[in-house]
């Protein structure tokens, strides 16, 4: 029981915990870079370089993973939406699944995974209806979400490339400073 509660807590707060860990890592990395530059320490500058190189490697790995597994991610998104619709049909209205599906359906103007028929014999929820009418959205949420991801792909790639360039410049400048310190010694 304790393991179940811990796993529920961990998955529920995964995003926040991950952001805290990444923020701490970046703060530590910046601290090493600043101290290395101020104290003119080759060791600290090399550690800064290693941290930045590690971040660059993770960024490249994440980009390659996203390209290589895009069809799998598409499939997992479909299955996840199916799960949420099934839970929506079988549970109370104030469940996490119903809140999530209501949000997605209102935000993206869609209904169900492929259509309103996904809700079976039960009538589609109010979040599936266009404004105040009885008519439901014709498009499924999977199709709309995939389209939204594809339309924002250029922005995501641009941000990733910008981060990569910043990391590369950080590595270059730390090595330049490290070499300059070595020549002065």
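Numbering (the UniProt record's numbering), first residue to last: 1 to 185.
Ideal placement from N, C-alpha and C gives every residue a C-beta, glycine not left out.
#1: Suppose the cutoff is 8 angstroms on Cβ atoms and the five residues either side in sequence are ignored; what does the same chain contact list for residue 98 look like?
#2: Measuring from the CB of residue 42, is there a heavy atom of the ligand FAD at a distance below 8 angstroms?
#3: Alpha helix (DSSP H) containing residue 132: first to last residue?
#4: Tell me whether residue 105 is buried or exposed, calling it buried when 16 or more other Cβ atoms sit within 10 Å of its Cβ.
#5: Just to check my reading of the structure: residue 141 and residue 113 have Cβ atoms closer than 8 angstroms, yes? What is that Cβ distance to the nearest angstrom?
#6: Please state the DSSP three-state secondary structure of residue 7.
#7: Find out if the Cβ-Cβ distance for the pair residue 167, residue 52 is shorter than 9 angstroms.
#8: May I ask you to report which of helix, strand or coil DSSP gives residue 65?
#9: When you compare the CB positions of residue 115 and residue 133, do they come within less than 9 angstroms of one another, or not?
#10: Where are the alpha helix (DSSP H) runs, 4 residues long or more, that stay fully inside the segment 8-92, in chain order?
#11: Are the beta-carbon atoms belonging to residue 188 and residue 48 less than 9 angstroms from one another?
#12: Note the first and the last residue of the continuous alpha helix (DSSP H) segment covering residue 113.
#13: Find out if the Cβ-Cβ distance for the pair residue 174, residue 54 is shorter than 9 angstroms.
Per the coordinate set shown:
#1: Sequence-distant Cβ neighbours of residue 98 in its own chain, meaning closer than 8 angstroms and more than five residues away, are 87, 88, 91, 92 and 125.
#2: Absence of the ligand FAD is noted for the structure shown, with no ligands found whatsoever.
#3: Element bounds for residue 132: n/a, residue is neither H nor E.
#4: With 16 or more neighbouring CB atoms inside 10 Å of its own CB, residue 105 falls in the buried class.
#5: Sure, about 6 angstroms apart at Cβ, within 8 angstroms.
#6: Only weak support is given to the placement of residue 7: the predicted model assigns it a pLDDT of 49, under 50, and the value that follows is read from those uncertain coordinates. Correct three-state label for residue 7: helix.
#7: Contact check for residue 167 against residue 52 passes: the beta carbons are separated by less than 9 angstroms.
#8: DSSP, reduced to helix, strand and coil, places residue 65 within a helical segment of the structure shown.
#9: For residue 115 and residue 133, no; Cβs fall outside 9 angstroms.
#10: With a minimum length of 4 residues, the continuous alpha helix (DSSP H) runs that stay inside the segment 8-92 are 14-39, 42-68 and 70-90.
#11: Lying before the first or after the last residue shown, residue 188 is absent from the chain, which here runs from 1 to 185.
#12: It is not in any alpha helix (DSSP H) - residue 113 carries neither H nor E in the DSSP assignment.
#13: Cβ atoms of residue 174 and residue 54: not closer than 9 angstroms.
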